[in-house]
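Undergrad: As they're listed, the protein sequences go chains F and R.
Going by our numbering, 295 is the number at position 294 of the first sequence; the sequence numbering is gapless.
Going by our numbering, 264 is the number at position 263 of the second sequence; the sequence numbering is gapless.
Structure below; questions to follow.
Protein chains: 2
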Amino acid sequence: METESRIEAALEQAVRAATAPSCPQRLASAIRYAVFPGGGRVRPGLCLAVARAHDDPDPGLADAAAVAVELFHCASLVQDDLPCFDDAPLRRGQPSLHKRFGEEIAILVGDALIVMAFNAVSSHVAKQPAKSAAILGALARAAGAPAGIAAGQAWESEPSVDVNAYHHAKTAALFEAAAVAGAIVGDADPEAWRATGGQLGEAYQVADDLADALGESGRLGKPIHQDGHKSRPSVVADLGVAGALAQLDRLIGQAMQSIPECRGRRDVQDFLSLAAARLCPPEIRQQTAAAGSGSALDCG
Amino acid sequence: METESRIEAALEQAVRAATAPSCPQRLASAIRYAVFPGGGRVRPGLCLAVARAHDDPDPGLADAAAVAVELFHCASLVQDDLPCFDDAPLRRGQPSLHKRFGEEIAILVGDALIVMAFNAVSSHVAKQPAKSAAILGALARAAGAPAGIAAGQAWESEPSVDVNAYHHAKTAALFEAAAVAGAIVGDADPEAWRATGGQLGEAYQVADDLADALGESGRLGKPIHQDGHKSRPSVVADLGVAGALAQLDRLIGQAMQSIPECRGRRDVQDFLSLAAARLCPPEIRQQTAAAGSGSALDCG
């Protein structure tokens, strides 16, 4: 099965189990709303790309790990949009989850998605204990405290922010976990893959800052100028647009370079190229090029 | 080590790992605030009581399961108090977590506690795969959707409520998981213990409704009259005070009866008696007895 269909099918299975008929109807609808339709599914795609680069010896476990990273991501989007965080009315061009279902349900969807993420992998423990244990550990590290998504978001409440720790925890940690989990499934050295995931994740954070600073709200399907409005650390504020674009290119280049030697190295390179192309809003490249500060990577 | 010290030590270990120096300081303080000092620690106590009744063959795993159920409980209290739910300024006589640390941090603490709960048990997977897998499954069932804590809370957003499903998911499911997890650790039949946990949990729900309807806010350390204010289903609204007290007694009696035959049956009975005594606010018994509708169980 193609990667995209695998991811959607595995997510559908997880959502179907959580939204069984005994589930309160609004919560069930909201869980589905949080997961479908998705965005780029880049994190689960990375997980499967790494597993496939090592012959994908346990597709069921690879799918479970991919589902888990995507569900953590979905949970983080629902929470980011809440009134006390970004107070965003839109996500992917649709009403944000709390606008559609209310704030109570949005908070509970976050909980349910985190539980579903762990449960996806837990159900493989009996058959694949060593790999499942390692994946569960990587997921917990990426999602919670001291240095996962929850910690990343919490840096925004600190009077003084460690910007590297903030960006790593908020975005890069889950990309790392995706690559690490794929490597674990493929019997490869997970630490050899950590950098690839981390650098792609950092590139995503830079792209997110660029989109927030310069994107068009209608095209992005979500509000912009949140970083400045919320006084959040931003690569664009630190380095300017041209500097941020250069850093984006450098990170993608580093991610490419860091891919460990393996049978499917070329496929992972292709995956990263595609992911990089999606990262870069064309109008930003155009605006910047017109202003004489174009960057090396053509991702239009 | 005595049960209480075991629980506090195991919780301290989980909190210390999550609040390592790399954790943002406010999140770290808030995670600790959510867990210490605790309430009655009844759910982890039940888990350890059941494991001990079967000779406690793996104290580390029993502690991990006990920690997990308590962390889910702590997460649910932090969320219950949020402005969009009970909007409670107090919890256990102190400012509620969001009043002290802000709503953003409160939501992130909920996430972090859920991750910590799974992580506590996951770290035993490599050594005890079969038991850990079963415990992780029981925890996910008790915490998420379709029928765990998140679902229980979500019933409050439905136009029409299945009261049994609501009470079971909101309160009894986690007590069930505590008993089931203790049985799994002790190589006992988990299904034989499910009823004991569930009935104690239902008794707690009835006691919570009674306290909400009749308690003194100062004594409880949290706001009262939330059920009526929020138009939530309540056993007191359905059965009256005397009816609710009778149901509380019946549930405790059923829980006692349901304890499976085992070496430590007497110890579990003692545990349930203590838990039952804590459940019943003396002033409610006194008020009800004075009004001529006393109940059979003396738990003053």
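Glycine residues also receive a C-beta, built at the ideal position from the N, C-alpha and C atoms.
Which residue comes first and which comes last in the alpha helix (DSSP H) that contains W194(F)?
TA: P191 to L215 is the extent of the alpha helix (DSSP H) around W194(F).
Undergrad: Using 8 Å as the Cβ pair cut-off and three pairs as the minimum, do the stretch 82-100 of chain R and the stretch 44-52 of chain R touch?
TA: Touching, no.
Undergrad: Taking 6 Å as the limit between beta carbons, can you name the residues of its chain near E262(F), skipping five residues before and five after?
TA: For E262(F), where only same-chain residues beyond five positions count, there are no Cβ hits under 6 Å.
Undergrad: With a cut-off of 8 Å on the beta carbons, I'd call L273(R) and A256(R) a contact; round off their distance for me.
TA: So it is a contact: roughly 6 Å between Cβ atoms.
Undergrad: State the DSSP-derived secondary structure class of A234(R), mapped to helix, strand or coil.
TA: Per the sequence shown, residue 234(R) should be read as Pro rather than Ala. DSSP places P234(R) in coil when its eight states are reduced to three.
Undergrad: Keeping to the same chain, check which residues put their C-beta closer than 6 Å to that of S296(F); ignore five residues upstream and five downstream.
TA: Caution is warranted here: a pLDDT of 44 is assigned to S296(F), below 50, making its placement in the model unreliable, and no coordinate value can be reported.
Undergrad: Just checking: is the beta-carbon of E105(F) within a distance shorter than 9 Å of some beta-carbon in chain R?
TA: It does; some Cβ of chain R falls within 9 Å.
Undergrad: Going along the chain, which residues of its own chain have a beta-carbon closer than 6 Å to the beta-carbon of K100(R), five neighbours each way excluded?
TA: Correct list, in chain order: P90.
Undergrad: Scan the stretch 108-122 of chain R for residues whose Cβ lies nearer than 7 Å to a Cβ of chain F and list them as they occur along the chain.
TA: Answer in chain order: I108, L109, G111, D112, A113, I115, V116, M117, F119 and N120.
Undergrad: Tell me, which residues are paired with R92(F) by DSSP?
TA: Q95(F).
Undergrad: Can you tell me which of the three DSSP states P25(R) falls into?
TA: The answer is coil: DSSP assigns P25(R) none of H, G, I, E or B.
Undergrad: Return the chain-ordered list of same chain residues with a C-beta closer than 7 Å to the C-beta of E104(R), the five sequence neighbours on each side being excluded.
TA: Cβ within range, chain order: L83 and P84.
Undergrad: Would a check of beta-carbon distances place G301(R) closer than 9 Å to chain F?
TA: Bear in mind that the predicted position of G301(R) carries a pLDDT of just 30, short of 50, making it too unreliable to give a figure here.
Undergrad: Classify A148(R) as buried or exposed, calling it buried when 16 or more other Cβ atoms lie within 10 Å of its own Cβ.
TA: A148(R) is buried by the Cβ-count criterion.
Undergrad: Among F102(R), Q287(R), V51(R) and L175(R), which residue has its Cα nearest to the Cα of A152(R)?
TA: Nearest C-alpha to A152(R): L175(R).
Undergrad: Output, in sequence order along the chain, the residues in the stretch 70-86 of chain F whose CB is closer than 8 Å to any CB in chain R.
TA: Of all residues in the stretch 70-86 of chain F, A76, Q80, L83, C85 and F86 have a Cβ within less than 8 Å of some Cβ in chain R.
Undergrad: Report yes or no: do three or more beta-carbon pairs, one from the stretch 124-132 of chain R and one from the stretch 21-38 of chain R, lie closer than 8 Å?
TA: Result no; under three Cβ-Cβ pairs closer than 8 Å.
Undergrad: How long is the line joining the alpha carbons of V237(F) and G198(R), rounded to whole angstroms?
TA: Going from the Cα of V237(F) to the Cα of G198(R) covers about 54 Å.
Undergrad: Assign N165(R) to buried or exposed, taking buried as 16 or more other Cβ atoms, counted over all protein chains shown, within 10 Å of its Cβ.
TA: Per the 10 Å Cβ criterion, exposed.
Undergrad: By a C-beta neighbour count over all protein chains shown, 10 Å radius and 16 as the cutoff for buried, is H230(R) buried or exposed?
TA: H230(R) is exposed by the Cβ-count criterion.
Undergrad: Would you say A67(F) and I106(F) are within 9 Å of each other, going by their C-beta atoms?
TA: Not a contact, by the Cβ cut-off of 9 Å.
Undergrad: Report all residues from its chain with a CB closer than 6 Å to the CB of G138(F); omit the five preceding and five following residues, and keep chain order.
TA: Closer than 6 Å at Cβ, skipping near neighbours: no residue.
Undergrad: Output yes or no for whether 9 Å exceeds the beta carbon distance between L252(R) and V181(R).
TA: It is not a contact, given that the beta carbons lie outside the stated cut-off.
Undergrad: In whole angstroms, give me the CA-to-CA distance for A11(R) and H55(R).
TA: C-alpha separation (whole angstroms): 20 Å.
Undergrad: Where does the unbroken alpha helix (DSSP H) through H74(R) begin, and where does it stop?
TA: First-last of the alpha helix (DSSP H) with H74(R): P60 to D81.
Undergrad: Interface residues of chain R around R27(F) at Cβ under 8 Å?
TA: Within 8 Å Cβ-Cβ: A155, S158 and E159.
Undergrad: Would M117(F) and A204(F) qualify as a contact pair, given that the criterion is a beta-carbon distance under 9 Å?
TA: Not in contact: M117(F) and A204(F) (Cβ atoms no closer than 9 Å).
Undergrad: Considering only C-alpha positions, which residue in the set V242(R), Y167(R), L275(R) and E71(R) is nearest to A15(R)?
TA: Residue E71(R) is the option with its Cα nearest to A15(R).
Undergrad: Does the beta carbon of A1(F) sit closer than 9 Å to a beta carbon anywhere in chain R?
TA: Lying before the first or after the last residue shown, residue 1(F) is absent from chain F, which here runs from 2 to 301.
Undergrad: Taking the beta carbon of G216(R) as the centre, do at least 16 other beta carbons fall within 10 Å, making it buried, or is it exposed?
TA: Result: buried.
Undergrad: Looking at the secondary structure, which residues open and close the alpha helix (DSSP H) in which D268(F) lies?
TA: Start and end: R266 to L280.
Undergrad: For G244(R), tell me which candidate among A290(R), H169(R) and R53(R) has the shortest Cα-Cα distance.
TA: Residue A290(R) is the option with its Cα nearest to G244(R).
Undergrad: Buried or exposed for E3(R), please, with buried defined as at least 16 other CB atoms from any protein chain shown within 10 angstroms of its CB.
TA: Exposed, by the Cβ-count rule.
Undergrad: In the structure shown, what three-state DSSP assignment does R1(R) receive?
TA: A question about residue 1(R) goes unanswered here, because the residues of chain R that appear run from 2 up to 301.
Undergrad: Closer than 9 Å, Cβ to Cβ, to anything on chain F: give me those residues from the stretch 236-250 of chain R, in chain order.
TA: Listed by position, the residues of the stretch 236-250 of chain R near chain F (Cβ gap below 9 Å) amount to none.
Undergrad: Could you spell out the range, first to last residue, of the alpha helix (DSSP H) harbouring S133(R)?
TA: Counting along the chain, the alpha helix (DSSP H) containing S133(R) begins and ends at P130 to A144.
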